[in-house]
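Structure record follows, encoded as structure tokens.
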Amino acid sequence: MHPNLLDQLRVFQAVVEGGSFAAAARTLGRAVSAISYAINALEEQLAFQVFDRSTYRVSLTPEGQALLNDAEILLRRAERWEARARSLREKVEAVLPLIADPSYPEGFLVDALKKFEAQYPLVTITVRRAESEEVVRAVREEEFPLGIMLLDHGRQWDGIDGRQVAADKIALVAAPAHPLAQIEGAFPLAELENHRQIHLHSGAFDIRAFDYRVHRTDVWGVDTQSALRMMIEEGLGWGFMPEETARPAIEAGRLVHLNCDGIAQPSLRRFAAVWTTRRPPGKAGEALVASLLRDEEPVLA
0 MHPNLLDQLR
10 VFQAVVEGGS
20 FAAAARTLGR
30 AVSAISYAIN
40 ALEEQLAFQV
50 FDRSTYRVSL
60 TPEGQALLND
70 AEILLRRAER
80 WEARARSLRE
90 KVEAVLPLIA
100 DPSYPEGFLV
110 DALKKFEAQY
120 PLVTITVRRA
130 ESEEVVRAVR
140 EEEFPLGIML
150 LDHGRQWDGI
160 DGRQVAADKI
170 ALVAAPAHPL
180 AQIEGAFPLA
190 ELENHRQIHL
200 HSGAFDIRAF
210 DYRVHRTDVW
220 GVDTQSALRM
230 MIEEGLGWGF
240 MPEETARPAI
250 EAGRLVHLNC
260 DGIAQPSLRR
270 FAAVWTTRRP
280 PGKAGEALVA
290 SLLRDEEPVL
300 A
């Protein structure tokens, strides 16, 4: 490859976009003679003409038209290479793996990544889902620079730093045709025991283990949010679902909130972004944590 090829391609593109050597000269801040020299050198290397100069407004020859798309691809890749090199000089992470608890709402994550991408479009993001215990272990052992975990009591924080980034309300829901949804007014907590619960769990599901969220008369356990939502929508039982996950189905009329007077306030899950104290986030990591922050606080009905 000729050492001046990229510059020649930039001139080539400027002439195409401007429609003349003079317009390309103005765009690039060069003399018209320098533009002409670069195109002549390019054509000499190719051994054919890329522009038809027989009219006032230069146009591409068939050969030039055939090369235009490749030229644009090469220039875009060169620009990305230069931008990535600049980011590395500025100590911006080139790759940013993220490990997140599966209960962290996908909508929250996508919103954050859209904000982050606007700032750092060249940083590669990878996302893995794992339970909060695994998130803490992976971050502590520096397998992942950043994690998102549930904030709850009893967590071992040695070697871990972080901040709360989001909160999500837990809704009590069922399908519109479910018997609980047909009850007029509020019903007592004991009424839940008369109907099957669909419960989201991780790992081995032990119905004998105490969990205030589980009513043990008739329980089916599932390990994904999508399965939980689909089973409740099909009327197989009632359940607790993150409001963010349930909202589209509620708005579409496939789920409804249940009015249980034994639940004074819905539960509120809080999430934290975490990292190891030995390896705090770099510039891109700090931007991602900032993007994860959600301004709105769920209102407890």
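Residue numbering for the sequence shown follows numbering that gives the first Met the number 0, starting at 0 and increasing by one per position. Glycine included, C-beta positions come from ideal geometry on N, C-alpha and C.
- DSSP places residue 31 in the helix class (H, G or I) of the three-state scheme.
- DSSP, reduced to helix, strand and coil, places residue 134 within a helical segment of the structure shown.
- Apart from sequence neighbours up to five positions away, the residues of its chain that approach residue 77 with a beta-carbon distance below 7 Å are 5, ordered along the chain.
- Excluding the 5 residues flanking it on each side, residue 20 has same chain C-beta neighbours closer than 8 Å at 14, 31, 34, 35, 38, 57, in chain order.
- The alpha carbon of residue 125 has as its nearest neighbour, out of 268, 143, 114, 137, the alpha carbon of 143.
- 178 is the residue among 178, 26, 66 whose C-alpha sits nearest the C-alpha of residue 257.
- For residue 269, the enclosing beta strand (DSSP E) stretches over residues 267-275.
- Put simply, the segment 158-168 touches the segment 276-284. At least three CB pairs are less than 8 Å apart.
- When the beta-carbon positions are compared, residue 270 and residue 100 come within less than 9 Å of each other.
- Taking 8 Å as the upper bound for CB-CB distance, residue 220 and residue 200 are in contact here, some 5 Å apart.
- Its Cα nearest to that of residue 91, the residue 121 stands out among 121, 141, 71.
- Inter-residue distance for residue 40 and residue 72 is about 21 Å (C-alpha atoms, whole angstroms).
- Three or more beta-carbon pairs separated by less than 8 Å are not found between the segment 133-150 and the segment 169-177, which leaves the two stretches without contact.
- Scanning the segment 63-132 from its first residue to its last, the whole beta strand (DSSP E) runs of 3-plus residues come out as 94-99, 123-128.
- When the alpha-carbon of residue 266 is set against those of 272, 26, 240, 288, the nearest one is in 240.
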